[in-house]
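Visitor:
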Amino acid sequence: MSTDLTRIRNAGWTLWDPIGLKDGAQPPEEAVDEYDSYLLQVIDMLRHGEPVEMAIDFLMEIESEHMALGPQPDARDRATETVEALQELA
1 MSTDLTRIRN AGWTLWDPIG LKDGAQPPEE AVDEYDSYLL QVIDMLRHGE PVEMAIDFLM
61 EIESEHMALG PQPDARDRAT ETVEALQELA
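Here the sequence shown is numbered in the UniProt record's numbering, starting from 1 and rising by one per residue.
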């Protein structure tokens, strides 16, 4: 696995993890790639100059609508922290 993908996954699991699958220091082995497609879309958005707010809204929509978790009180904070971390990798 590339270093960038490892860092992207680390941001997703430590800062976002909307489903709450991580139990302890590491995500479950069978779910390690669970958030890859969403996080890689955020990276792509940032690389193409999309506004940070749009990337944050994207993660919030994935969580509340696509994952059907509804609005969570900490969703914006987690999405913001995740996008800020991913900006460094974009």
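C-beta atoms are modelled at their ideal positions from N, C-alpha and C, and glycine is treated no differently.
Note that the structure is predicted; figures quoted are calculated from it, not measured.
Pick helix, strand or coil for V32, following the three-state DSSP scheme.
Guide: Position 32 of the sequence shown holds residue 32. DSSP places V32 in coil when its eight states are reduced to three.
Visitor: With a cut-off of 8 Å on the beta carbons, I'd call A11 and L39 a contact; round off their distance for me.
Guide: Position 11 of the sequence shown, counted from the first residue, corresponds to residue 11. Position 39 of the sequence shown, counted from the first residue, corresponds to residue 39. So it is a contact: roughly 7 Å between Cβ atoms.
Visitor: Which class does M67 belong to by DSSP, given the choice of helix, strand or coil?
Guide: Walking along the sequence shown from the start, residue 67 turns up at place 67. M67: coil per DSSP, three-state reduction.
Visitor: Can you give me the start and stop residues for the alpha helix (DSSP H) that T14 sits inside?
Guide: Translated into positions along the sequence shown, residue 14 becomes position 14. Neither: T14 is in no alpha helix (DSSP H) and is coded neither H nor E.
Visitor: Answer with buried or exposed for E61, where buried requires no fewer than 16 other C-beta atoms within 10 angstroms of its C-beta.
Guide: The sequence position of residue 61 within the sequence shown is 61, counting from 1. It counts as exposed.
Visitor: Taking R78 and W16 to be in contact with their CB atoms under 8 Å, please state how far apart those CB atoms are, rounded to whole angstroms.
Guide: Taking the first residue of the sequence shown as position 1, residue 78 is located at position 78. Taking the first residue of the sequence shown as position 1, residue 16 is located at position 16. Rounded, the Cβ-Cβ distance is 5 Å, consistent with contact.
Visitor: Among the residues of its own chain, which have a CB less than 6 Å from the CB of A25, if the five just before and after it don't count?
Guide: Numbered from its first residue, the sequence shown carries residue 25 at position 25. The answer is none, since no qualifying residue turns up.
Visitor: In this structure, does DSSP put E53 in helix, strand or coil?
Guide: Within the sequence shown, the letter at position 53 stands for residue 53. Helix, per DSSP.
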